[in-house]
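Asks: Below is one structure. I have some questions about it.
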Amino acid sequence: MEVVEIARVTADELLHDLAGVLERVAAGENVEVVEDGVPIAVISPPDFAEAMIGGMVKAGILPSDWQEKQAELKRWLLTDPPLAAQPHEQSLSETLIEMREEETR
């Protein structure tokens, strides 16, 4: 996992140099805003992948619980991975092709 360094500015510094802080964010930096030493906000560059996924959920292309379904699939693959067909067995692809052919008859 990549460690992301976060620059720190006070709320007053942000008010006085908003353009400069936004330039840093536009360049890819994450900036934490603190007030009396307590973090109150993080300003980050947009995550375009997250924005695209959010749009796909709103459009109904992805289910709203897609992350849960993905996590379930990962757990299943880790605990009970599908096995390759043995030499004397029919592969999953061959079985699916056969089933589709039966449906069209």
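The sequence shown begins at 8 in our numbering and counts up by one. All residues carry an ideal CB built from backbone N, CA and C; glycine is no exception. Just so it is clear, the structure is predicted and the values come from calculations on it, not from any experiment.
Less than 8 Å separating the beta-carbons of glutamate 39 and proline 46?
Replies: Yes, the Cβ-Cβ distance between glutamate 39 and proline 46 is below 8 Å.
Asks: With DSSP run on the structure shown, which of helix, strand or coil describes arginine 15?
Replies: Strand, per DSSP.
Asks: Mapping the DSSP letters down to three states, classify isoleucine 50 as helix, strand or coil.
Replies: In the structure shown, isoleucine 50 sits in a strand (DSSP, three-state: E or B).
Asks: What number of angstroms, rounded off, separates the C-alpha of histidine 95 from the C-alpha of leucine 84?
Replies: Computed Cα separation, rounded: 24 Å.
Asks: By DSSP, does glutamate 79 sit in helix, in strand, or in coil?
Replies: Of the three classes helix, strand and coil, the one that applies to glutamate 79 here is helix, per DSSP.
Asks: Does the separation of the CB atoms of valine 28 and leucine 21 fall below 8 Å?
Replies: Closer than 8 Å, so yes.
Asks: Quick check on DSSP: helix, strand or coil for glutamate 30?
Replies: DSSP places glutamate 30 in helix when its eight states are reduced to three.
Asks: Does the beta-carbon of valine 49 have 16 or more other beta-carbons within 10 angstroms, so that it is buried, or is it exposed?
Replies: With fewer than 16 Cβ atoms within 10 Å of its Cβ, valine 49 is classed as exposed.
Asks: Please report the straight-line C-alpha distance between glutamate 42 and valine 16, rounded to a whole angstrom.
Replies: Going from the Cα of glutamate 42 to the Cα of valine 16 covers about 9 Å.
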